Amino acid sequence: MPSRVFDIAIIGGGVIGLTLARELGGRDARVAVIDAGAAVPQATVAAAGMLAPSFETCAAFGGLAEPLYHLGARSLAMWQDYAPALEEETGIVIDYRRDGTLGLAYRDAQAEDLAKQAALVKNLGGAAEMISGDEARALEPALSNEVVAALHAPEDAQVDPRHVMSALRISLKNRDIEIVPARVLSLGEGAAAGQFACAEGDVFEAQTIVLAAGAVSGLTPMGLVYPVKGEATAIAAEGVVTRVVRAPGAYICPKAGGRVVIGATEELGPLLDHHSVSDAAIAGLRANAARAAPGLSSAQELERWAGLRPGTPDGAPIMGRDKEGRFLALGHYRNGILHAPAAAEAMAALILGETPPFDLAPFDPSRFGPGRFSPAQGG
Ligand code: GLY
């Protein structure tokens, strides 16, 4: 006998799981989130919070650049209303800023790559322009004289992911949506596909299961969603740069109160030490940031951390159903925060039997071939 039965259970309490729960709760669906808490580290709390489709989503490996860009651009537009609505509802300021991103080039070859990226973004309907080094320094006077050109994406934005998570938790509470603290260890199959077993000894059941768990939950098929480690740091550097700057080898994200996030490494491999942060990695990020804006060089370090992005083979998320009929909202890799509002809207529609507001076919798990990820037949 299951110890609890839910209508809709979302497994995974990262930004994707919580925004989806909020969306479903706002539409009167009875939903609960099952979250492992600190037992399974989240990508969300390690994120920098850039909402930057102009940079982050043009690099899909499997030819999905176009749908991925449109997903990011749609969600970026949604954040304009989502952020103030979440703040107003919860009283938590999430530090939403829509002041654009500057991508820097020190050499002509880097400028040429950025120009190609700008052309791609413009071709896809976004705002991106190449500007000179002097124009970049007019926008951000702290930038080094080494900067010869920059890609300016004026509509990109950012939030503070930790504040977003606090606000989402309050919002779920407002909607009577429970976050059940439990670590799901295994999912049922066949006749027991509606059940899942937890480390605490409980077996839960749900009419509808949504898997929004991260890369190290042990619940996502190995090889399809895998951890991509990122190390990052925050320093105290009030007012040195005012908008997101993406330099070769580091991005710089100024947050409220003079906190500046500098990120992030990318490392993958089955033997990753998930939690460690190396002096060498942080020194490298800081050197790369200081090359872009020398005024950052001696700023005091506030903290350093490592997180695990949920990567996928083609760099695009997995949104659809598995052969057991479970819904999958997984693998947002570098863009979980950016994608959250649009992914929640689309997944809620799918779960409630409606037509999603945009085509989810490019993100369907069946793109990886038959087997465990073949789409569900029928209900
Ligand atoms: N989106 C930034 C990162 O994953 O490092």
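Counted the way this note's numbering counts, the sequence shown spans residues 5 to 383. Every residue, glycine too, gets a C-beta built ideally from N, C-alpha and C. Computed from a prediction, not measured in an experiment: that's the story for all the values here.
Residue environment: residue 180 is assigned as exposed (fewer than 16 neighbouring CB atoms within 10 Å of its CB, all protein chains considered). In the DSSP annotation of this structure, the continuous segment of the alpha helix (DSSP H) that includes residue 60 starts and ends at 57-60. In the three-state scheme derived from DSSP, where H, G and I count as helix and E and B as strand, residue 233 is classed as strand. When beta bridges are read from the DSSP output, residue 255 appears opposite 250 and 267.
Contact annotation, residue 101 with residue 162: C-beta distance approximately 5 Å; criterion of less than 8 Å satisfied.
In the DSSP secondary-structure assignment, residue 83 is not bridged to any residue. Beta-bridge pairing by DSSP links residue 133 to 156. With a cutoff of 6 Å, residue 123 does not count as near ligand 1, since its C-beta is closer than that to no heavy atom of the ligand.
Taking C-beta separations shorter than 6 Å and ignoring five residues to either side along the sequence, the partners of residue 185 in its chain run 41, following chain order. Residue 345 is not a Cβ neighbour of residue 207, given a cutoff of 7 Å.
Nearest neighbour of residue 57 by Cα position, chosen from 355, 359 and 342, turns out to be 342.
Annotation for residue 93: 175 place their beta carbon closer than 6 Å to its own, counting only its chain and skipping 5 residues before and after. The nearest non-hydrogen atom of ligand 1 is less than 6 Å from the C-beta of residue 338. Here residue 190 carries a strand assignment [DSSP, helix/strand/coil]. Between residue 320 and the set 170, 290 and 228, the nearest pair of CA atoms involves 228. Under DSSP, the beta-bridge partners assigned to residue 54 are 162. Straight through space, the alpha carbons of residue 318 and residue 243 are spaced by roughly 37 Å.
Between residue 59 and residue 329, the alpha-carbon positions lie close to 34 Å from each other. Separation of residue 134 and residue 189 (C-alpha to C-alpha, rounded to the nearest whole angstrom) is 49 Å.
By the CB criterion at 7 Å, residue 24 and residue 323 fall outside the cutoff.
With contacts defined by Cβ atoms closer than 7 Å, residue 203 and residue 16 do not form a contacting pair. Between residue 48 and residue 19, the CB-CB gap stays under 7 Å. By the Cβ test, the region 353-361 is not in contact with the region 306-318, since fewer than three Cβ pairs between them sit closer than 8 Å. In this structure, residue 155 places its C-beta atom within 7 Å of the C-beta atom of residue 132. Excluding sequence positions up to five before and after residue 22, its CB lies within less than 6 Å of the CB of 172, all in the same chain and listed in chain order.
Counting only the Cα atoms, residue 259 lies some 24 Å from residue 232.
Set against 6 Å, the gap from the CB of residue 267 to the closest heavy atom of ligand 1 is smaller. A contact between stretches requires three or more CB pairs, one per stretch, nearer than 8 Å, and the region 272-292 fails this requirement with the region 25-39. A heavy atom of ligand 1 is found nearer than 6 Å to the CB of residue 234.
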